[in-house]
Each structure stands twice: as structure tokens, then as C-alpha cells.
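A.B. asks: Quick one: the structure is below, questions incoming.
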């Protein structure tokens with residue numbers, strides 16, 4: 001986290017967002033009961049009480065995921081980051097979406113170049129206050145969303161901007177393509193979109209992008225300060241609304 | 001005021017979706033907290049009769065309960081992971097004061113508990129005897145992490161920081177120590193003490209009291225306080241200032257005293273000069289007699305503000321006219337910086353003058369504009385002022401401040417040797433001793449008289 005009071009480089013925006021994303025993911029894990037409540041300890045971030053998971057593997061996973069997101073952000077390919085909660089049958093139930101499409105589009109080489117306009121610089125104090133607001137709203141989301149079933153799992157997804165290369169295929173990348181139902185429908189045939197390798201284990205997801213957007217969207221908060229523009233909302237998926245797949249006994 | 005509470009609560013809770021604690025409501029409507037609790041209750045009753053899901057209350061229970069219930073009640077804490085029988089329900093946050101940790105049925109503990117409204121009945125049953133129940137907060141829906149309620153206090157601190165707690169205390173119903181009194185005079189605390197805490201607290205009192213200066217006598221001491229403690233860390237002050245102004249007055253005398261006793265120990269020999277220097281370098285006239293009181297064995301903190309300072313600002317005030325203007329001093333300081341090397345070795349009358357100006361400037365530069373104290377002094381004052389210079393300069397972070405600090409002991413010793421030196425003379429001897437004094441800063445203080453005599457020979 002930069003120590004000066006304003007952010008005036010794209011890299012600063014990205015690292016601030018990454019910090020925030022770690023806290024947000026832990027908060028989502030807590031609020032949605034992904035892990036037992038007792039496994040969370042109380043911490044403070046942005047001068048606000050937050051919950052952080054104590055299990056070292058969880059912490060490491062979240063940290064790694066966020067740093068992978070940060071790498072992609074610095075490449076300038078990311079439109080949205082989503083924390084997706086799956087049911088035990090790998091059906092996407094909820095998506096906590098962090099929309100970054102309004103972030104300045106900066107080529108990787110210019111990541112440390114200061115912004116030209118003063119209106120683009122971001123005040124950290126202002127941001128901290130807005131982040132507090134996001135945390136508080138996330139705390140209420142637990143009650144505005146319908147409860148989750150047991151044994152849910154979660155993951156972190158990134159939605160790329162149109163026409164961007166997906167960071168998959170190479171052996172060193174931590175990313176895999178998400179299930180087809182969560183793939184955006186895209187005209188460009190390049191990349192790995194449409195491939196059903198990876199997670200697409202659950203039944204009958206023939207239509208691509210079917211689960212994007214969700215059936216019900218609940219806004220959480222919009223954060224705006226200088227060029228740091230972020231929107232957060234929660235999508236509840238069809239699978240959640242319709243109930244779990246019915247298992248008929250013959 | 002209370003008539004508007006419905007609109008206020010409706011807009012805050014329903015529209016903004018924020019959490020309103022009884023304390024926040026009392027500050028917003030300027031009412032007593034107990035009235036605020038009643039208003040919260042009434043609003044909750046009305047709203048839940050219309051639509052129970054639209055509002056949620058968190059209650060605070062105070063009373064005595066059996067210790068054997070502690071396990072169940074405190075499962076929200078990390079240490080209680082093993083006994084997490086209440087996973088699905090909201091955690092109780094129990095800040096109890098147990099006599100000991102045994103879960104014996106006959107052990108009763110006084111317990112303060114925050115509970116969600118749906119657990120109110122089960123929590124009540126844990127208690128033995130009378131229980132005090134009131135609404136702590138209202139929110140649009142149930143929250144899992146009750147610690148979030150604490151954020152409301154941060155908002156209150158930020159929003160109402162400019163209110164005087166003593167003034168608004170009775171209105172809000174804040175608990176006040178009847179023996180606590182606000183100090184109008186700032187006690188004297190020399191800054192360079194290792195106890196940065198006393199300095200910070202001293203500054204606290206300074207900043208706190210600054211906003212409440214009562215008499216002119218106080219005003220004199222006030223800026224001085226500021227000047228001294230300027231270098232002290234700002235953070236503790238900023239953090240503490242808003243919240244503990246009323247508490248500080250009771251607290252500070254104690255902390256300040258410790259500071260003073262340390263000073264006395266360190267500067268046994270040259271105490272008077274030390275104090276004098278502090279006073280002198282202050283912006284306002286500091287009372288010499290106050291310094292003298294410092295020199296004398298510490299007095300017990302009395303509630304009277306003349307505690308550490310005997311507010312007789314006679315001596316110092318007489319020197320007010322002698323003070324140069326800050327602009328002059330700063331100019332002198334700059335000149336000195338440029339003529340640095342020369343000053344080290346030579347001893348001109350011109351440079352010494354600059355030197356002296358600079359000495360005056362450096363400690364006084366950060367002070368408030370109304371600085372009127374005199375650097376050099378009349379008989380007794382001279383010594384102390386010299387000492388203060390030492391301390392002041394130490395805190396000046398200047399690239400060439402190194403030089404400034406070095407001069408402190410010289411300044412000090414000089415004034416000691418000649419109680420009433422005319423200004424030109426002072427710098428002269430100062431300048432001559434400046435050079436060899438480069439590395440003598442620390443040594444200068446304790447053995448001032450000796451060093452001075454050493455330099456005098458040169």
C-alpha cells in the first residue's frame with residue numbers, strides 16, 4: 001500500500017485495488033459462511049473492523065489469486081473481477097462482481113507514469129472511506145441475499161475485455177478457463193473461450209454465458225475517486241433461484 | 001429536537017442503509033443518550049409493526065449471569081472455537097468481567113452483552129436477577145460481525161471532534177469524573193527527554209488547552225508549550241486530542257510530573273538554565289517564576305492550574321520587548337547557514353550576531369507568531385533560556401541544523417557564565433566556542449560550566 005496520500009500512477013491504482021480485493025474476498029467468505037465463522041479473526045483495515053480467515057492455506061490461496069489478478073490488471077486486459085460461489089454440484093450460485101472497466105486503460109509500459117491531470121489523482125483518504133462503505137454494505141448483503149446451501153466452494157474469476165488474449169494455455173499461468181455458462185459470448189474465436197475443458201463438469205451447460213448477469217442483481221456500492229472507479233454488485237444465479245438439481249430416485 | 005427523530009432515523013436507516021447507534025443518535029439530535037435509547041425503541045416498534053424485515057435491533061444487556069454460560073455466550077471469540085455449538089446463530093459478544101475462568105455454576109460474573117434481536121430472549125434467560133436491556137443500535141438488517149458497530153464511534157469522533165466534551169457532557173449524559181478539572185495552564189515539559197510519552201502528553205495538554213485558553217497568563221505559557229513540544233510526535237496528539245480532552249486534564253498532571261522529575265535528574269546541575277531556556281525560547285513570555293517552580297522540587301499536581309507553573313510571568317515578560325521579529329531571526333538564520341564555516345572558526349562580532357539571531361530563530365521559528373520572550377536574559381533568566389535553546393535546537397531538523405544543535409550548549413553555557421550579557425557579547429563568545437564545540441553537543445549539556453571554561457581558554 002503506497003504510503004503517500006495520493007495515487008497518481010496506474011500501478012498505484014492496481015496495488016490499492018489488490019489490497020482491497022484481499023479484504024473483500026475474506027469478507028465474502030465470512031459473510032457467506034463458506035468457512036466456519038470461528039475460523040475468522042477480527043482485524044482492522046481502512047480503520048474498519050473486518051474479518052480475516054486464519055487458516056494459512058486459505059490466506060495463501062487468496063493472496064495468490066489476488067496477485068494473479070494484479071498481474072493481469074497490469075497487462076490491462078481485465079474488465080471485471082468476480083468472486084464466484086459454487087454449490088457442491090459446481091453450479092454457480094452467486095457472483096460478487098468488481099467492475100473495473102472504468103479504470104484507465106494504460107499500456108503496461110506506462111504503469112508507473114504519473115497521471116497528467118490533477119483530477120485523475122486519487123485521494124487515499126477518500127478511497128479508504130469508500131472502502132469502509134463497501135465493507136459495511138457487504139456486511140448487510142448476508143441478509144439481503146437468500147441463504148446459501150451447505151458445502152459451497154468459491155473461486156476468483158476475471159472477465160477480460162473484448163478481444164483480449166486469455167492468459168491460459170501456457171504452463172506457468174494459474175488461470176484456467178471457467179465453465180462455459182460463465183463465459184461471455186464473444187464474436188472473436190481466438191483464445192480459449194468456448195472450450196469446455198476445466199471446470200465444466202456439471203451437466204448440460206450448452207449455452208454459453210447463460211449464467212452471466214444472474215437472475216437477480218443487488219448493487220453493493222460504487223467507489224469513485226479520481227480515476228479509481230469501481231462498482232461492486234452481487235449477482236444471484238439461476239441455479240440458486242431455482243433450487244438445487246433434483247435427484248430423482250428411480 | 002426529538003420530533004425530528006423519525007425523519008432522521010428513517011432516512012438514515014431505510015434510505016442510506018447505515019447503522020445508527022444510540023450514541024450517534026444522541027449526538028445528531030443533541031439529546032441525552034437515554035432519550036436516544038427510548039427513541040430507538042419507539043422507532044423500532046413502529047417499523048417492525050409495519051414490516052419486521054425492514055429493521056433490526058441490536059440490544060445491550062447488562063447484568064449478572066452464571067459463569068457456566070460463558071462458553072456458550074462467548075463462542076464468537078476465536079478462543080472458543082472448540083465449543084462452537086451456536087454456529088448458525090449470531091455470536092454473543094461478551095465483554096464480561098469474570099472473577100476467574102472456572103466454569104463453575106456458583107461463579108457469577110458481571111456481563112455486558114450485545115445480542116441480536118432474535119436472540120434477545122435466550123440471552124435474557126442467561127442472566128440472574130435484574131437485567132438492564134436497551135437498544136444499542138438499529139440497522140436495516142441483521143449483521144453478522146457485530147464489531148462493525150464500533151465503526152459508528154469512529155464516525156462520531158470525526159464528526160463531532162470540535163465539540164467541547166465538558167460543555168456537551170451534561171446534554172449527552174456522558175460519564176464524567178467529578179474530580180476531574182480542565183487545566184488552563186500547560187505544565188512545563190522539556191522536550192528532549194527520552195520519555196516521548198510525557199512530551200506527547202504534554203503536547204496533548206498543550207493542544208487541548210490551547211483551544212481553551214483562559215487568562216492572559218495562560219496564554220503566555222500556552223505558546224511556549226507549543227514551541228517546546230512542537231517537535232514531539234504529532235500523531236499521538238492528533239489521535240488523542242479529539243477524544244480525551246476532558247480526561248486529559250486529570251491525566252496529564254501525572255504524566256507531566258514524571259517528565260519533570262526526569263528532567264531534574266538529568267540536569268541536576270544546570271537545571272535552572274534548562275528551564276530558563278525553555279521558557280525563553282517560547283513564543284509567548286514564559287514565566288520565569290514558573291521555571292523556578294520547575295527548579296524547585298516538584299509540587300504535587302493540584303487541581304489548580306498553577307500546578308507546575310507559578311504563573312508569575314514577571315521576569316520573562318520584562319524581556320518581551322527584547323525579542324526580535326521572527327523575520328529578522330529567520331534572515332539571520334539563513335545568513336548563518338551561509339556563513340556556516342566561517343562561524344565555526346572565527347569569532348566576529350557580525351557573525352556572532354547572526355548566530356545569536358539564529359539561535360533565537362531556530363527555536364522560535366516553529367513557534368507561534370506572537371513570540372515575545374527574550375532569548376537572552378536578565379540575570380537569572382539568562383541561564384534558563386540558554387538551556388531552552390539547547391532543547392529547541394535539538395528538535396530542529398535542518399540539514400544544517402546540525403550546526404544549530406551544536407551551538408546549544410554553547411549558548412547555554414555562555415549565558416550561565418554571564419548572567420546578563422549584552423546580546424553582541426553573547427554571540428561573540430558563542431561564535432568562538434562554536435567551532436570546537438562541533439562534537440560537543442551531548443557533552444555540552446551536563447558539564448556546561450566545565451566546557452565553557454575550557455573554551456574560554458581558547
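Chains as they are written, first to last, in the UniProt record's numbering: chain R, 1 to 250; chain E, 1 to 458. We put the CB at the ideal spot given by N, CA and C, even for glycine.
(1) When the Cα of residue 459 of chain E is compared with those of E:129, E:114, E:28, E:109, which residue comes out closest?
(2) Report the residues of the stretch 129-162 of chain E with a CB closer than 8 Å to any CB of chain R, ordered along the chain.
(3) Over the uninterrupted beta strand (DSSP E) stretch that includes residue 84 of chain R, give me the two end residues.
(4) Contact criterion: CB-CB distance below 8 Å. Does residue 150 of chain R meet it with respect to chain E?
(5) Residue 13 of chain E by DSSP, collapsed to three states: which one?
(6) Whole-angstrom Cβ separation of residue 182 of chain E and residue 166 of chain E, contact assumed at under 8 Å?
(7) Considering only DSSP beta bridges, list what residue 527 of chain E is partnered with.
(8) List, in chain order, every chain E residue whose beta-carbon is nearer than 7 Å to that of residue 143 of chain R.
(9) Just to check my reading of the structure: residue 121 of chain R and residue 11 of chain R have Cβ atoms closer than 8 Å, yes? What is that Cβ distance to the nearest angstrom?
(10) Comparing C-alpha positions only, which one of R:227, R:239, R:114, R:26 sits nearest to residue 102 of chain R?
(11) Could you tell me whether the Cβ atoms of residue 17 of chain E and residue 140 of chain E are closer together than 8 Å?
(12) I want to verify the contact list: residues of chain E whose CB lies under 7 Å from the CB of residue 222 of chain R, in sequence order.
(13) Going along the chain, which residues of its own chain have a beta-carbon closer than 6 Å to the beta-carbon of residue 18 of chain R, five neighbours each way excluded?
(14) Could one say the Cβ of residue 123 of chain R lies closer than 8 Å to chain E's Cβ atoms, at least one of them?
(15) Whether or not the stretch 73-89 of chain R and the stretch 158-165 of chain R are in contact is what I'm after, with contact meaning three or more pairs of Cβ atoms, one per stretch, closer than 8 Å; do they touch?
(16) Tell me, please, which residues DSSP counts as bridged to residue 127 of chain E.
(17) Does DSSP put residue 175 of chain R in a helix, a strand or coil?
(18) Between which residues of its own chain and residue 9 of chain E is the CB-CB distance below 8 Å, once the five residues before and five after are set aside?
(19) Quick one, which of E:117, E:126, E:116, E:121 has its alpha-carbon nearest residue 108 of chain E's?
(20) Consider the Cβ of residue 173 of chain E: report whether some Cβ of chain R lies at a distance smaller than 8 Å.
(21) Counting only Cβ-Cβ distances shorter than 9 Å, please list the residues of the stretch 27-43 of chain R near chain E, keeping chain order.
(22) Starting from residue 157 of chain R, follow its DSSP beta bridges and name the residues at the other end.
(23) Since residue 139 of chain R meets chain E, which of its residues come closer than 7 Å, beta carbon to beta carbon?
(24) Is there a Cβ of chain E sitting closer than 8 Å to that of residue 47 of chain R, yes or no?
(25) By how many angstroms is the C-alpha of residue 221 of chain R removed from the C-alpha of residue 56 of chain R?
(26) Return the residue from the list E:57, E:453, E:177 that minimises the CA-CA distance to residue 133 of chain E.
(27) Can you tell me whether residue 46 of chain E is buried or exposed? The criterion is at least 16 other CB atoms within 10 Å of its CB, across all chains shown.
(28) Can you check whether the CB of residue 138 of chain R is closer than 8 Å to the CB of residue 28 of chain R?
(29) Counting only beta-carbon atoms, is residue 136 of chain R nearer than 8 Å to chain B?
(30) Taking residue 169 of chain E as the query, report the chain R residues whose CB atoms sit under 8 Å from its CB, ordered along the chain.
(31) Rounded to whole angstroms, what is the Cα-Cα separation between residue 84 of chain R and residue 14 of chain R?
(32) Could you check how far apart the C-beta atoms of residue 111 of chain E and residue 23 of chain E are, in whole angstroms? I think they sit under 8 Å.
(33) Under 8 Å, do residue 148 of chain R and residue 237 of chain R count as touching if we go by C-beta distance?
(34) For chain R, find out if any of its Cβ atoms is closer than 8 Å to the Cβ of residue 17 of chain E; answer yes or no.
(35) Would you report the Cα separation of residue 107 of chain R and residue 73 of chain R, rounded to the nearest angstrom?
C.D. replies: Concretely, from the data shown:
(1) No information on residue 459 of chain E is available, as it lies outside the stretch 1 to 458 that chain E covers here.
(2) 139, 140, 141, 142, 143, 144, 145, 147, 148, 150, 151, 154
(3) 78-86
(4) no
(5) helix
(6) 6 Å
(7) The shown model of chain E, from 1 to 458, leaves out residue 527 of chain E, and the question about it has no answer.
(8) 141, 142
(9) 13 Å between Cβ atoms; not a contact.
(10) R:227
(11) yes
(12) Those do not exist, as residue 222 of chain R stays about 14 Å from chain E at its closest Cβ, beyond 7 Å.
(13) 66, 70
(14) no
(15) yes
(16) E:65
(17) coil
(18) 20, 25, 39, 40, 43, 138
(19) E:126
(20) no
(21) 27, 30, 31, 33, 36, 37, 38, 39, 40, 41, 42
(22) R:82
(23) 143, 144, 145, 148
(24) yes
(25) 30 Å
(26) E:57
(27) exposed
(28) yes
(29) Of the protein chains in the structure, R and E, none is chain B.
(30) Near residue 169 of chain E there are no residues of chain R at all, since even the closest Cβ is about 26 Å away, more than 8 Å.
(31) 21 Å
(32) No, residue 111 of chain E and residue 23 of chain E are not in contact; Cβ-Cβ is about 20 Å, not under 8 Å.
(33) no
(34) yes
(35) 10 Å
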